[in-house]
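Colleague: As you go down the protein sequences, you meet chains A and B in turn.
Residue 603 in our numbering sits at position 619 of the first sequence, with consecutive numbering throughout.
Every position in the second sequence, counted from 1, becomes a number in our numbering once 865 is added.
Ideal placement from N, C-alpha and C gives every residue a C-beta, glycine not left out.
Please read all numbers here as calculations on a predicted model, not as lab measurements.
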Amino acid sequence: MKKILSIAFLMLILTCSAAKAQDVLEVKGVPSDSLVSYLRTNMGARVYFLKDAEDKAFYSVSAPRTQFVGQALGELKGKGYTVSEYDGAWFVSSTAAFGRPVLPAGYFDAEASGARQAADLAQTENVTATFQNKIYEIGTKTPGRTGKAYVRGYVRDAASGEPLVGVSVYDDKTGAYTVTDVTGFYRIGLPIGSCVLGFSGYSLEDVKLNLELWSDGGMDVLMKEKVTSLKGAVVSAEGRSAHRDARMGIEKVRISTIKKVPTAFGEADVLKVVLTLPGVKSVGEAATGFNVRGGATDQNLILFNDATIYNPGHMFGVLSSFNADVINDIELYKSSIPAEFGGRISSVLDIRSKEGNANKLTGTLGIGILTSNFTLEGPIKKGKTTFIIGGRTTYSDWILNMIPKDQSDYAGGSAGFSDLNVGITHKFNANNSIQAFGYWSRDRFSFGADTTFRYSNMNASIKWNSHFSERHSMNLTAGFDRYGSQLEETFYGPQAYTLDAGVQQYYLKLGFKSNMGQHVLSYGAQGIFYDLNPGVRNPSGEMSAVVPMELARQNAVEAAVYASDSWSVTDKFLVEYGVRGSGFMALNPSKFYFNPEVRISGKYSFTKDFTLKAGFNSMSQAIHMISNNTSISPMDTWRLSNARLRPQTGWQAAGGAYWTVADGKVDLSLEGYYKRMYHYPDYKSGAVLVMNPNLEDDLVETVGKAYGVEFMAKKSLGKLNGWISYTWSRALLKEAEYRGVETINGGNWYNAPHDKPHDLKLVANYKFTHRYSLSLNVDYATGRPVTIPTGKYYYANTYILAYSDRNAHRIPDYFRMDVAMNIEPGHYLKQLAHMTVTFGAYNVTGRKNPYSVYYTAHNTDQVKGYMLSVFACPIPYVSLNVRF
Amino acid sequence: MRKIALFLALALCAVSCIYPYNAEVGGTGGNLVVEGDIVVGSMSNFALSSLMPLGSNGSPQPVEAELWVEDINGAHYEGVPGEKKGEYDVNLHGADTSLEYRLCIKVAGGRDYCSAWAKPSGSCVIDKLDYFINESDGRKQGLYVRMSMHSEDGTQHFRYRYVETWEYTSYWRADSYYDPEITEDSPNGTVVMFSNGENNYYCWKTASSRGINLATTETMGVNRLDDYPLFYYEATNDKMSRLYRLDLEVYPVSIESYRYLEHIRDVSNYDGSLFAPIPSEVRGNLRCVTDDDEIVYGYVGTSSPQKARIYIDNGVTMLYVRPEMRDAEYEAVAPEDWLLYYTSRNWRPYYNDLMAGECNWAPARCVDCTYYGGTKNRPADWPNQDK
């Protein structure tokens, strides 16, 4: 109604203006769409107009009737619109507008300009497409030509301009398939002629484009985040991506999903969502790190924009180190690990941050029970340079200080963290961009007055992406990672000390990708220089008589080359195979290890909805976290391989069946795996792991085996979406050599600390309306193995405990249910800020899940058993997130 | 705002909790446990017992055996049974401190056990044993007992034990006591006035240190510990109420012994917290000669202790703050009345008001120091005149 009145009012002004001068027409201060409307109705001009959403300008035109149209179009041109004429019609659009093709001026004059201009267009500037009912012509029009041509381009988020990674690009008719790389780039071979090219990505609206392909050409695509239909599910091809890819054990989660999974204290948490995926386990709540298919926590390579994160937890593991507002998506490789990744034998978690909104300055501000965060992103130079900056901090110290001293053991303790992410992306041209990234985090906590833990991550990298030809692309990354931890012990002044340890590494990665039709080749080389500080002890305070002590620093160079090929043998049969050669040179003293690695996986699609896959890959790892704790902690010692500590190696064989049912709404998968690990260093009973110059004496080599079956049903669409998974698995270790009675568990297989055979997970989200949704998270797992006492004896006037074999018992099973209600902002585009409110409860049933069980006499005559539960009651929470 | 923060703080601390855990874990038992050190040049005491299943509620089971210490030259020092079953004394007076020694045990059934050969583990000197009063907010809050010691032969690891003896008093001093002896005249016993300074006011207690106490100079540039805190007592601790004595023994120990003792101490105090090392079992220096796979618990060290003593007099420290006795009360009745009523409630005579012809009765915990486990047996060398 308001609009109608506005238009009527404008029409009145325009008519009056025109009446004033009979030969000269004049309009004053009208918006562009009104001006165009005037041209259509009053001048009879055929004007096709797509308004730039950012266009807030008012136009005034005064010209003789015969020149008025040209003058008005000139005004629009002057405000950045592109104006083209074709067949007597005018096409007016803006390059910044979203939701319509951007065509260069004179595109429709192709007949006059000749084929050369069209060819140039195809080579230099991509068509940007989202209209699904339009036919996009790609390449130089050459009638009669047959064969194959290649379409290439970038897929970006329509709202922010961010590149979309891992989007499936496919042609159902021919079975051609590819996915976008980390820059959102794709290249796909299609038969010349008409075809329908599909684009689908998790939590994105599917796009199907009608192409008229003449020859090689470019086409950029804008995709929008999915708005769930409330009237029923929309069939998507997204789920079928599992049928197109030969790789197995890949889990991809977008940040929009991450933010809906309820977590403790309402903080959107990347790692907690990873834990909801099948095959991923943790030793307990508030435990930093995760275990993938029987692997140890240090056997996961956690990459954040190519930077290695050694400690991914904040606040002793309650939260993860990653600010959800700066993250774009995460990808977890559990089985088929691409050849470009190496250095860990269990999994790769690849986390990518946003590049920053390319269109406008936006930000978020979040307030939770424990933390606050902010992000700011936007263009520095529109179309060229974007930035993103995000930070988090906590006020837990303030809360802990409020606790009365006699009410909790936490009183007098402290805990705090901060982190900061900075990213800048600059595009030199359509094919070259550079991305600089920095990450810093700091943690500090103490449970009493005498002992303080600190640790910090610092990462910086710069990456150059180049699509230097039609078929070839390259990325070159250089970076620096540092992780440091500190323990300060001040109980007795003369023996007060600080203990510092850390890992620094410098790396250079060069990777190429070549699309050769049926073959997509990836190849490259990588180098890492490690500078590892195993431990430095220094006196703390003036009273301290502690003698400074420094363990010899460890340095090493790790270099690797790799090559892999994704070969589409037929449209049903795809094989991916590759090799990676990794050379590890420990310095001072020198010791060289060469580890060849194999990656192979294949799929055969019997139908478009049913696929079988199999794969095998081998990995190696030359840096080890030595720990006798249950989870990653600041007390862990990192060591490089040397003459006495061999690199860990391992292999995994896996097979799986993938079935899409219910008209593509539900994806079922069943994967089985068998895995072996060698040279995994475990500690001897009674080992001294901290500041031990002869640490290798206290370690033993073990072999490991893990096997299991993972079932998953995933529904990505509709009002109700989410996934349910069940995993049965085992993870066992055995000391490699028998050392007599002191051999761990007599040299028999023993449970790994994270061996939890049964694991059931449910993540569900139900959307009542576009704004209101309910999330549910259920987690059940067998209790983890623990070492508990089985006997006691009287010694030193108290009872001393005699322990069982290692990990021979289990704590009670784990069960947790979380619920959250999400209220998302309204869809008022002109609203200054949009607020998302989430309130819910973690562990809503209040089950007292044990983190550990223990027995102690505490210098008394009675041994008693206790159970430590980290979150032993429902934790209600509210979090507010304001986007502006 | 402060209230909200306090609510959040309490909610945070409430979510992490410790609960009793009583799952049936089975258990093992029967293995030999040996406690004691070879004290070259002195009397050595050993106690033999057996491992008990975790869920066992019984007392430690002593083990009887033949026991002796032998030196590397083959000399045997036979053990003789001590005061209690399973305890043995070995006289090592005159033994050569430069030789290696080991303990050997033969238990019923023919199983033989021996410790590893070891020389006496260095020496140390206790330089000082004193205390330090902790004051804050203008008040004496408590007291640290500290030791200073050093070693001149490079010994870096030490174990210490101590025996505490302290005198304390009841809340009120009673002038009478109840004599339960029944006579014709007093079928319910009698209330008798104390005479000759007798009382139920002063008592003494003795306790040996519990647990494994260790100290080390391993990380320090000198083999010296200055003012090393042994323990801390709050000002309200009744050990500080009148006169306190500490007898300290410090044993130099080998690094192997230290590591073993440190390990079994830590795993026995394991609290399951997020960063606590996972407990595991380690072996000491005793082996079953006939079955090397049999685990023997304990570590037999070879050393000579240093001893020191300190008295802490509340008259000097002025530290003790007597906690308020809850529900302290007394009732007055005729001396001959209500005897059975009060004694059955565990009340005792407080004072006899002869003028009024009444006896005041009070709970035993208020007027009888033995109520808290103390004894009227005054140590022979106790330095004050209380009795």
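I believe I408(A) touches F371(A) by the beta-carbon criterion, under 8 Å. Please report the beta-carbon distance rounded to the nearest angstrom.
Modeller: 5 Å
Colleague: Between P1045(B) and the rest of its own chain, which residues show a CB-CB distance below 7 Å, the 5 nearest in sequence each way excluded?
Modeller: G1054
Colleague: Measuring only the C-alpha atoms, how far is D155(A) from Y507(A)?
Modeller: 26 Å
Colleague: State the CB to CB distance for the pair T686(A) and Y710(A), rounded to an integer number of angstroms; the pair is presumed to be in contact (CB under 8 Å).
Modeller: The Cβ separation is near 28 Å, so there is no contact.
Colleague: Would you mind reading off the limits of the alpha helix (DSSP H) that contains C1231(B)?
Modeller: Its alpha helix (DSSP H) spans residues 1229 to 1232.
Colleague: Could you give the DSSP three-state label for K(-13)(A): helix, strand or coil?
Modeller: Note that K(-13)(A) scores a pLDDT of 45, beneath 50, so its modelled location is shaky; the value from the coordinates is reported in the next line. It is helical.
Colleague: How far does the beta strand (DSSP E) with K1005(B) in it reach, from first residue to last?
Modeller: 1004 to 1015
Colleague: Please work out which residues of its chain come closer than 7 Å, Cβ to Cβ, to L1204(B), disregarding the five sequence neighbours upstream and downstream, and give them in chain order.
Modeller: Cβ-Cβ distances below 7 Å link L1204(B) to N1053, G1054 in the same chain, with the five nearest sequence neighbours on each side left out; the list follows chain order.
Colleague: Which residues of chain B have a Cβ atom closer than 8 Å to the Cβ of K740(A), listed in chain order?
Modeller: Correct list: empty, because the minimum Cβ distance to chain B is about 16 Å.
Colleague: In the DSSP assignment, find the beta strand (DSSP E) that holds H503(A) and state where it starts and stops.
Modeller: Counting along the chain, the beta strand (DSSP E) containing H503(A) begins and ends at 503 to 523.
Colleague: Comparing the C-beta of S617(A) with each C-beta of chain B, is any distance below 8 Å?
Modeller: yes
Colleague: Identify whether L193(A) lies in helix, strand or coil by the three-state DSSP scheme.
Modeller: strand
Colleague: Ordered along the chain, which non-local residues of its own chain (more than five positions away) have a Cβ less than 8 Å from that of A226(A)?
Modeller: T595, Y642, T644, D651, S653
Colleague: Which chain B residues sit within Cβ distance under 9 Å of K832(A)?
Modeller: C882, Y884
Colleague: Which partner residues of E685(A) appear in the DSSP bridge assignment?
Modeller: P665(A)
Colleague: Say whether chain A places a C-beta atom closer than 8 Å to the C-beta of F1023(B).
Modeller: no
Colleague: Using the C-alpha atoms, what's the distance from L785(A) back to S566(A)?
Modeller: 46 Å
Colleague: By the criterion of Cβ-Cβ separation under 9 Å, what are the contact partners of K848(A) in chain B?
Modeller: P885, Y886, N887
Colleague: What in chain B is Cβ-close to P478(A), meaning under 8 Å?
Modeller: M1085, L1090, D1091, D1092, Y1093
Colleague: Listed from N- to C-terminal order along the chain, which residues in the region 334 to 351 of chain A have their beta-carbon within a distance smaller than 7 Å of any beta-carbon of chain B?
Modeller: none
Colleague: Among residues of its own chain, excluding the 5 on either side of A536(A), which ones have a beta-carbon nearer than 8 Å to its beta-carbon?
Modeller: P518, N572, P677
Colleague: Applying the 10 Å Cβ sphere with the 16-neighbour rule, what's the burial state of E1194(B)?
Modeller: exposed
Colleague: Rounded to the nearest angstrom, how far is the Cβ of N1242(B) from that of W1069(B), given a contact under 8 Å?
Modeller: 7 Å
Colleague: Rounded to a whole number of angstroms, what is the C-alpha to C-alpha distance between Y835(A) and H298(A)?
Modeller: 18 Å
Colleague: How many whole angstroms separate the CB atoms of V406(A) and I314(A), which I take to be in contact at a CB cut-off of 8 Å?
Modeller: 19 Å between Cβ atoms; not a contact.
Colleague: Could you tell me the alpha carbon to alpha carbon distance between W1247(B) and D620(A), rounded to whole angstroms?
Modeller: 52 Å
Colleague: Nearest-angstrom Cα distance between Q101(A) and K118(A)?
Modeller: Only weak support exists for where Q101(A) lies, its pLDDT of 40 falling under 50; the value from the coordinates is given anyway. If you take the alpha carbons of Q101(A) and K118(A), they lie about 21 Å apart.
Colleague: Closer than 8 Å between beta carbons: that is the criterion. Which residues of the region 295 to 307 of chain A meet it against chain B?
Modeller: F300, G301
Colleague: Using 7 Å as the cut-off, classify the Cβ of N956(B) as near or not near the heavy atoms of the ligand NAD, replying yes or no.
Modeller: Looking at this structure, you won't find the ligand NAD or any other ligand, since it has none at all.
Colleague: So if I threshold CB-CB distances at 9 Å, which residues from the region 1134 to 1149 of chain B count as touching chain A?
Modeller: N1134, Y1135, D1136, G1137, S1138, L1139, F1140, A1141, P1142, I1143, P1144, S1145, E1146, V1147, R1148
Colleague: When you compare the CB of P773(A) with every CB in chain B, is at least one pair closer than 8 Å?
Modeller: Interface residue (Cβ-Cβ distance to chain B less than 8 Å): P773(A) is classified as such.
Colleague: Cα separation between W712(A) and E472(A)?
Modeller: 42 Å
Colleague: Assuming H793(A) and I772(A) are in contact, meaning their beta carbons sit under 8 Å apart, how far apart are those beta carbons, in whole angstroms?
Modeller: 5 Å
Colleague: Report the neighbours of M917(B) on chain A: residues whose CB is nearer than 7 Å to its CB, in chain order.
Modeller: Residues of chain A passing the Cβ test: G775, K776, Y777.
Colleague: Whose Cβ in chain B lies nearer than 9 Å to the Cβ of V613(A)?
Modeller: The question names Val, but residue 613(A) in the sequence shown is Asn. Correct list: L1139, F1140, A1141, P1142, I1143.
Colleague: Please go through the same chain and pick out, in chain order, the residues whose beta-carbon is closer than 6 Å to the beta-carbon of E900(B), but skip the five residues on each side of it.
Modeller: Here the set comprises A912, G1163.
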